[in-house]
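I have placed the structure first, in the form of structure tokens, so that the comments after it can refer back to it.
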Ligand SMILES: [Fe+2]
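Residue numbers (our numbering): 14 to 461.
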């Protein structure tokens with residue numbers, strides 16, 4: 014067999030931290046955008062070596078092994094590491110056929126009795142064509158304990174025939190919308206060639222929740238909204254979820270027509286993070302589906318953590334708009350689902366969300382919401398001042414690209430809104446637009 018070219022072109026990642034383990038990820042791709050062979054790889058299995066060390070120089074390797082990279086899974090590698098110490102930093106790398114990957118840093122979650130404060134970076138909506146991933150470069154530099162990605166990790170659109178000048182910063186190769194497994198795979202490869210995205214994955218473990226664009230704009234359950242049949246859409250959705258799994262450090266694989274994204278990630282006594290899938294199980298006016306809703310409300314009732322944090326894509330608090338009716342794609346379109354969640358929460362509820370491409374902070378009666386802006390995706394035309402006047406429970410708006418830095422401890426839950434002034438060129442510095450503390454389910458500014 015001829016020697017492989019350098020296969021670690023898409024970087025490395027880790028995710029799903031628990032108190033004793035983490036998932037390590039990479040994907041072998043010698044030609045990531047190859048037109049017919051996924052990743053330009055030979056159609057055979059490769060055995061990939063992985064190492065986990067206490068130091069970035071790998072002088073203290075504490076675990077190692079091999080994991081298969083199968084052609085059926087686009088030569089992705091998911092290593093389930095266990096037996097680690099809680100709340101500990103580790104470093105990892107892969108090697109195959111004489112090539113060694115870049116080094117990633119990861120960190121386990123704290124143990125059940127821990128009261129250590131946690132630092133989380135929160136991002137969403139990274140449309141490649143709309144600019145440079147400078148936000149992710151700054152996220153990497155924060156060295157958070159964990160990163161939450163709340164959806165629109167990729168966008169499915171093809172390159173338009175006549176892109177508007179100034180609105181199409183980084184061209185895609187594909188002119189067609191993603192609909193097939195091959196197209197979704199190439200789209201993830203296009204994104205993951207980005208060095209800032211690679212840096213953010215290598216800097217900390219991620220926990221991710223998709224929204225709609227990982228499949229198709231505004232889809233709901235089995236309704237694509239584009240006139241195609243449910244069976245055709247189910248095939249497409251399965252392809253999209255498979256590609257999502259292949260490119261992210263997830264703990265579970267797709268099974269049948271389902272990839273279970275909703276899950277609980279405890280961080281000691283400080284926070285229960287509940288990742289909610291607001292997309293896959295929608296039916297009519299039911300946003301979560303019976304099974305997920307049962308799981309979520311039971312978890313909320315049982316939680317003894319200081320903070321119960323729901324992490325998901327969509328705007329949770331009610332919103333009035335100056336001209337348009339309330340959004341039917343956000344929680345406003347599912348009032349019964351929202352009421353059921355609120356009835357199960359016993360206070361100190363925090364919702365983290367994204368999707369709207371602008372930053373907001375608000376109160377909803379029984380809790381607070383922090384909405385992260387986009388990494389790059391262009392925002393809708395929004396009159397923030399008019400919106401704040403019309404919605405007194407919303408306390409903050411910022412129209413720049415950015416991310417959240419959440420610091421949660423036994424006494425305080427604080428959020429800093431980081432922002433960059435531009436993404437149409439690389440290199441924008443980061444500023445802090447505002448800071449908040451949660452006090453009795455209300456927001457208090459920390460920066461004024
Ligand atoms: Fe988005």
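Where is the CB? At the ideal position from N, CA and C, for every residue including glycine.
Quickly, what does DSSP pair residue i with across the bridge? List them, please.
{"i": "residue 63", "result": "78 and 107"}
{"i": "residue 37", "result": "27 and 92"}
{"i": "residue 102", "result": "120"}
{"i": "residue 277", "result": "287"}
{"i": "residue 431", "result": "416 and 445"}
{"i": "residue 450", "result": "427 and 457"}
{"i": "residue 271", "result": "268"}
{"i": "residue 421", "result": "131 and 426"}
{"i": "residue 21", "result": "42"}
Using a threshold of 8 Å, state whether the C-beta atoms of residue i and residue j are closer than that.
{"i": "residue 82", "j": "residue 37", "result": "no"}
{"i": "residue 100", "j": "residue 117", "result": "no"}
{"i": "residue 25", "j": "residue 114", "result": "yes"}
{"i": "residue 147", "j": "residue 439", "result": "yes"}
{"i": "residue 436", "j": "residue 449", "result": "no"}
{"i": "residue 168", "j": "residue 203", "result": "no"}
{"i": "residue 260", "j": "residue 205", "result": "yes"}
{"i": "residue 256", "j": "residue 201", "result": "yes"}
{"i": "residue 137", "j": "residue 110", "result": "no"}
{"i": "residue 411", "j": "residue 441", "result": "no"}
{"i": "residue 388", "j": "residue 414", "result": "yes"}
{"i": "residue 209", "j": "residue 150", "result": "yes"}
{"i": "residue 330", "j": "residue 375", "result": "yes"}
{"i": "residue 286", "j": "residue 228", "result": "no"}
{"i": "residue 291", "j": "residue 327", "result": "yes"}
{"i": "residue 371", "j": "residue 395", "result": "yes"}
{"i": "residue 324", "j": "residue 288", "result": "yes"}
{"i": "residue 232", "j": "residue 240", "result": "no"}
{"i": "residue 218", "j": "residue 35", "result": "yes"}
{"i": "residue 354", "j": "residue 407", "result": "no"}
For my contact list, residue i and residue j are in at a C-beta cut-off of 8 Å; report their separation, rounded to the angstrom.
{"i": "residue 235", "j": "residue 246", "result": "6 Å"}
{"i": "residue 33", "j": "residue 95", "result": "6 Å"}
{"i": "residue 142", "j": "residue 97", "result": "Not quite, the Cβ-Cβ distance comes to about 39 Å (not below 8 Å), so this is no contact."}
{"i": "residue 379", "j": "residue 362", "result": "6 Å"}
{"i": "residue 220", "j": "residue 29", "result": "6 Å"}
{"i": "residue 127", "j": "residue 282", "result": "6 Å"}
{"i": "residue 333", "j": "residue 403", "result": "5 Å"}
{"i": "residue 430", "j": "residue 445", "result": "7 Å"}
{"i": "residue 134", "j": "residue 417", "result": "7 Å"}
{"i": "residue 64", "j": "residue 105", "result": "7 Å"}
Quick check on the DSSP output: the beta strand (DSSP E) that includes residue i runs from which residue to which?
{"i": "residue 47", "result": "First-last for residue 47: undefined, no H or E at that position."}
{"i": "residue 160", "result": "159-162"}
{"i": "residue 133", "result": "131-136"}
Determine the extent of the alpha helix (DSSP H) in which residue i is found, giving its start and end residues.
{"i": "residue 310", "result": "303-315"}
{"i": "residue 150", "result": "147-155"}
Nearest chain D C-beta to residue i closer than 8 Å, yes or no?
{"i": "residue 307", "result": "Protein chain content of the structure displayed is limited to a single chain, and chain D is not contained in it."}
- Considering only residues of the stretch 321-409, which uninterrupted beta strand (DSSP E) runs meet the minimum length of 3 residues and lie entirely inside it, listed in chain order? Here the runs fully enclosed are 362-366, 372-376 and 380-384.
- Where are the beta strand (DSSP E) runs, 3 residues long or more, that stay fully inside the stretch 200-266, in chain order? Here the runs fully enclosed are 219-221.
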